[in-house]
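Visitor: I'd like to ask you about the structure that follows.
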Amino acid sequence: MESGMISVDRWSAGSQAYFLTHLHADHTAGLSAAWRRGPLFCSRLTGKLLSCKFPGIDLSLLRIVDIGTWHSLSLTSPSSGSPTDFVFKAIDAQHCPGAVMYLFRGDFGCMLFTGDFRWETSSKGMENGRAVLLDALKNQTLDILHLDNTYCNPIFSFPSREVAARQVVDIITCHPDHEIVIAIDSLGKEDLLLYISQTLNIKIWVWPERLQFMHLLGFHQNFTTQTSLTRVRAIPRYSFSNETLEALNTLRPTIGIMPSGLPWALEASKGSGNIFGCSASGAKKKEDSRNTSSCSENSGTATRYNDYIFVVPYSDHSCYSEIQEFIELLRPVNIRGIVSSKKYCIDPHYYFDHLCGAEQALWRVQQKLEHEEGMDRAEVADIEPVAEGNSPVVGRKRKLDQIDFFGIRVSRVSLLRRLCRGAKIADTEPLS
Ligand SMILES: [Zn+2]
Numbered sequence: 001m002e003s004g005m006i007s008v009d010r011w012s013a014g015s016q017a018y019f020l021t022h023l024h025a026d027h028t029a030g031l032s033a034a035w036r037r038g039p040l041f042c043s044r045l046t047g048k049l050l051s052c053k054f055p056g057i058d059l060s061l062l063r064i065v066d067i068g069t070w071h072s073l074s075l076t077s078p079s080s081g082s083p084t085d086f087v088f089k090a091i092d093a094q095h096c097p098g099a100v101m102y103l104f105r106g107d108f109g110c111m112l113f114t115g116d117f118r119w120e121t122s123s124k125g126m127e128n129g130r131a132v133l134l135d136a137l138k139n140q141t142l143d144i145l146h147l148d149n150t151y152c153n154p155i156f157s158f159p160s161r162e163v164a165a166r167q168v169v170d171i172i173t174c175h176p177d178h179e180i181v182i183a184i185d186s187l188g189k190e191d192l193l194l195y196i197s198q199t200l201n202i203k204i205w206v207w208p209e210r211l212q213f214m215h216l217l218g219f220h221q222n223f224t225t226q227t228s229l230t231r232v233r234a235i236p237r238y239s240f241s242n243e244t245l246e247a248l249n250t251l252r253p254t255i256g257i258m259p260s261g262l263p264w265a266l267e268a269s270k271g272s273g274n275i276f277g278c279s280a281s282g283a284k285k286k287e288d289s290r291n292t293s294s295c296s297e298n299s300g301t302a303t304r305y306n307d308y309i310f311v312v313p314y315s316d317h318s319c320y321s322e323i324q325e326f327i328e329l330l331r332p333v334n335i336r337g338i339v340s341s342k343k344y345c346i347d348p349h350y351y352f353d354h355l356c357g358a359e360q361a362l363w364r365v366q367q368k369l370e371h372e373e374g375m376d377r378a379e380v381a382d383i384e385p386v387a388e389g390n391s392p393v394v395g396r397k398r399k400l401d402q403i404d405f406f407g408i409r410v411s412r413v414s415l416l417r418r419l420c421r422g423a424k425i426a427d428t429e430p431l432s
């Protein structure tokens, strides 16, 4: 797509339409209550929460995108001045309330922006998302996948949120005489908090602005701003630190829980490099000296970080194996990671290059052949030995059975054989 048409989670001047995937701060940098640059597309729930995050924002610029429905948009090509039409669809990203992916289709091809997403293979939400995505793509090639690559590294292996939520409840029940503080962002982890509230039959304290969000989401009955009503409090992530926990423990015994997909050492060293108030290497020495049973970097269990803090592998981003499944499903021609600022982030091509480009093309051809002709594999087996001879009949047959794909002539026979073997398109015959 030409630049100057649309922006997704980017808010600088120069685009004709702006798309917001979700309301986390790293996706809204540049967006404010004074927004005037153009129409702002978002999901219905994000639209509902938007004026709470940006009081006074001009709601006439909002364009609500219903999930799972094709929408059309006509913009103007900056280079030719001619109208450019395309369609787009929002798909639930299973990340935080209101979060969606956007699929765009037009003369420019097909692009998917995941925003932040969790592709949790055991969840019903993922099953729905899978069906919507495949239905939207049909046999069409996905040209570019803009991917949430936060955990695009095999060291990031963690369980489903359901499993991790049980670990949090276990920690709380194992500390019946402790106050509990849980680190959360201004949006997200609602399902975790609701699970704790419903399982333990307690309310959870949240700060006043967070209670406003809970009201808008319809969860307010499980939350309170009165500290006397509960021993479990959800506090802003930025105020969760080793110093905070030490100070709280001078008043009464308190345990801190950090829900995160990051291994504890990386969690401790991300951002300013010091969120727990001590360096990751220092913390590791402390952990080692205790000889406690900590999880390894890719373990799926909670880690006791120190006397006061547990890190639980509860994540609203996809882990490595989920990212892999997602790419295997879509087989994009190209992938671009949307996260590059964090030191542990890796270009998705490093691990998934073999699932892109030409490999993807072969896979798509296979789908198309099987769909259009109901390919009879027995017939293919008959053709195969003849195709290597010199008969003119065979030659005609061979010509008909060849497919021009990405400038490469591929025989259906060799194509299918190679697909079965997992061979690459580099093995095919160049066009003469
Ligand atoms: Zn996010």
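Numbering follows the UniProt record's numbering, with no gaps: position 409 of the sequence shown is 409.
We treat Cβ as the ideally placed atom computed from N, Cα and C, and that holds for glycine.
Using 8 Å as the cut-off, classify the Cβ of A99 as near or not near the heavy atoms of ligand 1, replying yes or no.
Guide: Within the sequence shown, residue 99 is the residue found at index 99, counting from 1. Flag set: Cβ of A99 near ligand 1.
Visitor: So for D92, helix, strand or coil by DSSP?
Guide: Numbered from 1 along the sequence shown, position 92 holds the residue referred to as residue 92. Strand, per DSSP.
Visitor: Flag this pair as touching only if the stretch 142-151 and the stretch 182-193 have three or more C-beta atom pairs under 8 Å; answer yes or no.
Guide: no
Visitor: Taking only three categories from DSSP, how would you classify P208?
Guide: By 1-based counting over the sequence shown, the position of residue 208 is 208. P208: helix per DSSP, three-state reduction.
Visitor: Does DSSP put I202 in a helix, a strand or coil?
Guide: Numbered from its first residue, the sequence shown carries residue 202 at position 202. Of the three classes helix, strand and coil, the one that applies to I202 here is coil, per DSSP.
Visitor: At 4 residues or longer, what runs of the alpha helix (DSSP H) sit wholly inside the stretch 122-196?
Guide: 124-137 and 161-173
Visitor: How would you label Q226, buried or exposed, when you count the other beta carbons within 10 angstroms and need 16 or more for buried?
Guide: Stepping through the sequence shown from its first residue, residue 226 is reached at position 226. Label assigned to Q226: exposed.
Visitor: Exposed or buried, what is H22 when buried is set at 16 or more other beta-carbons lying within 10 Å of its beta-carbon?
Guide: Within the sequence shown, the letter at position 22 stands for residue 22. Classification of H22: buried, given that the 10 Å Cβ count is 16 or more.
Visitor: Name the DSSP bridge partner or partners of residue 457?
Guide: Any answer about residue 457 is impossible in this case: the structure gives the chain only from 1 up to 432.
Visitor: Beta-carbon distances below 5 Å to any heavy atom of ligand 1 define the shell here; list its residues in chain order, please.
Guide: H24 and D116
Visitor: So what's A17 in DSSP terms, helix, strand or just coil?
Guide: One-based indexing of the sequence shown puts residue 17 at position 17. DSSP places A17 in strand when its eight states are reduced to three.
Visitor: Going by the CB atoms, is the gap between V163 and G202 shorter than 9 Å?
Guide: Locating residue 202 in the sequence shown gives position 202, where the first residue counts as 1. Locating residue 163 in the sequence shown gives position 163, where the first residue counts as 1. According to the sequence displayed, residue 202 carries Ile and not Gly. Against a cut-off of 9 Å, the Cβ pair of V163 and I202 comes out as no contact.
Visitor: For F219 versus S186, is the C-beta distance shorter than 9 Å?
Guide: By one-based count along the sequence shown, residue 219 stands at place 219. By one-based count along the sequence shown, residue 186 stands at place 186. It is not a contact, given that the beta carbons lie outside the stated cut-off.
Visitor: Once the 5 residues before and after S15 are set aside, which same chain residues still bring their CB inside 7 Å of it?
Guide: Residue mapping note: residue 15 aligns to position 15 of the sequence shown, counting from 1. Within the same chain, S15 has close Cβ partners G4, M5, I6, S7 and G38.
Visitor: Going by DSSP in three states, H27 sits in which element: helix, strand or coil?
Guide: Within the sequence shown, residue 27 is the residue found at index 27, counting from 1. H27: helix per DSSP, three-state reduction.
Visitor: Using a Cβ-Cβ cut-off of 7 Å (strictly less than) and excluding sequence neighbours within five positions of C52, which residues of its own chain qualify?
Guide: Here residue 52 is taken as the residue at index 52 of the sequence shown, counted from 1. Cβ neighbours of C52 beyond the five flanking positions: Q212, F213 and L216.
Visitor: Identify which residue in P348, V169, Y305 and P55 has its Cα closest to the Cα of Q324.
Guide: As a position in the sequence shown, residue 324 is number 324, starting the count at 1. Among P348, V169, Y305 and P55, the Cα nearest to that of Q324 is on P348.
Visitor: What are the residues that DSSP puts in a beta bridge with M111?
Guide: Here residue 111 is taken as the residue at index 111 of the sequence shown, counted from 1. Answer is F104 and I144.
Visitor: From which residue to which residue does the alpha helix (DSSP H) around G337 run?
Guide: For the purposes of this step, residue 337 is taken as the residue at position 337 of the sequence shown. No alpha helix (DSSP H) contains G337, which is instead part of the beta strand (DSSP E) from N334 to G337.
Visitor: Using a 10 Å radius around the Cβ and a threshold of 16 neighbouring Cβ atoms, would you call L62 buried or exposed?
Guide: Within the sequence shown, numbered from 1, the residue matching residue 62 stands at position 62. With 16 or more other Cβ atoms within 10 Å, it is buried.
Visitor: Would you kindly check if the distance between the Cβ of I67 and the Cβ of V100 is under 9 Å?
Guide: Against the sequence shown, residue 100 aligns to sequence position 100. Against the sequence shown, residue 67 aligns to sequence position 67. Their beta carbons are under 9 Å apart, which means V100 touches I67 by this criterion.
Visitor: Where does T227 fall in DSSP's three states?
Guide: By 1-based counting over the sequence shown, the position of residue 227 is 227. T227: helix per DSSP, three-state reduction.
Visitor: Quick one: grab the DSSP three-state call for I323.
Guide: Stepping through the sequence shown from its first residue, residue 323 is reached at position 323. DSSP places I323 in helix when its eight states are reduced to three.
Visitor: Is the Cβ-Cβ distance between H27 and G98 less than 9 Å?
Guide: As a working mapping, residue 27 is identified with position 27 in the sequence shown. As a working mapping, residue 98 is identified with position 98 in the sequence shown. No, they are not a contact pair.
Visitor: Restricting to Cα atoms, I'd like to know which of T69, P55 and D9 is closest to L40.
Guide: Start at 1 with the first residue of the sequence shown, and residue 40 comes out as number 40. Considering only alpha carbons, the answer is D9.
Visitor: Please state whether DSSP places A99 in a helix, a strand or coil.
Guide: For this step, residue 99 is matched to residue 99 along the sequence shown. Coil.
Visitor: Rounded to whole angstroms, what is the Cα-Cα separation between G47 and I64?
Guide: As a working mapping, residue 47 is identified with position 47 in the sequence shown. As a working mapping, residue 64 is identified with position 64 in the sequence shown. Taking the straight line from one Cα to the other gives about 7 Å.
Visitor: CB-CB under 8 Å to V169, same chain, minus the five flanking residues each way: which ones, in chain order?
Guide: One-based indexing of the sequence shown puts residue 169 at position 169. For V169, where only same-chain residues beyond five positions count, the Cβ hits under 8 Å are Y195, I196, T199 and L200.
Visitor: Starting from C42, follow the beta strand (DSSP E) in both directions and report where the run begins and ends.
Guide: Mapped onto the sequence shown, residue 42 falls at position 42. Looking at the DSSP string, the run of the beta strand (DSSP E) that includes C42 is L40 to S43.
Visitor: Give the C-beta separation of I144 and R336 to the nearest angstrom, bearing in mind that I take them to be a contact with Cβ-Cβ under 8 Å.
Guide: Locating residue 144 in the sequence shown gives position 144, counting from the first residue. Locating residue 336 in the sequence shown gives position 336, counting from the first residue. About 7 Å; that satisfies the 8 Å criterion.
Visitor: Under DSSP, the alpha helix (DSSP H) around L248 begins and ends at which residues?
Guide: Here residue 248 refers to the residue found at position 248 when the sequence shown is read from its first residue. Note, L248: alpha helix (DSSP H), N242 to L251.
Visitor: Does the stretch 83-98 come close enough to the stretch 116-135 that 3 or more CB-CB pairs lie under 8 Å?
Guide: yes
Visitor: If we call anything under 9 Å between Cβ atoms a contact, is I255 one with I309?
Guide: In the sequence shown, counting from the first residue as 1, residue 255 sits at position 255. In the sequence shown, counting from the first residue as 1, residue 309 sits at position 309. In this structure, I309 lies closer than 9 Å to I255 by Cβ.
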